[in-house]
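This report refers to the structure that appears directly beneath it.
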Amino acid sequence: MLKEFKNFALKGNMIEMAVGIIIGGAFKRWDFSNNVSFQILLISLFSPSNII
């Protein structure tokens, strides 16, 4: 299994893998911030105005 992974890692372009990891991390942060904003919006819509 380790030999197969080594062949895969060496056969692929490491720069492409690095760019994919960076883009994935950026998307994760963007998605998390959008989810938090959406949750705050829902809470504010369904809660009495004097609580928040």
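Counted from 1, the sequence shown has number 9 at position 7 by the numbering used here; the numbering is strictly sequential. C-beta: ideal position from N, C-alpha, C; glycine also.
Grab me the residues of residue i's own chain with a C-beta within less than 6 Å of its C-beta, minus the 5 sequence neighbours each way, in chain order.
i	result
GLY26	none
Please tell me whether residue i has its Cβ less than 8 Å away from any Cβ of chain D.
i	result
LEU43	Absent from the structure: chain D. Only one protein chain is present.
Take residue i and list the residues in its own chain whose beta-carbon comes closer than 8 Å to its own, dropping the five residues that flank it on each side.
i	result
ILE42	none
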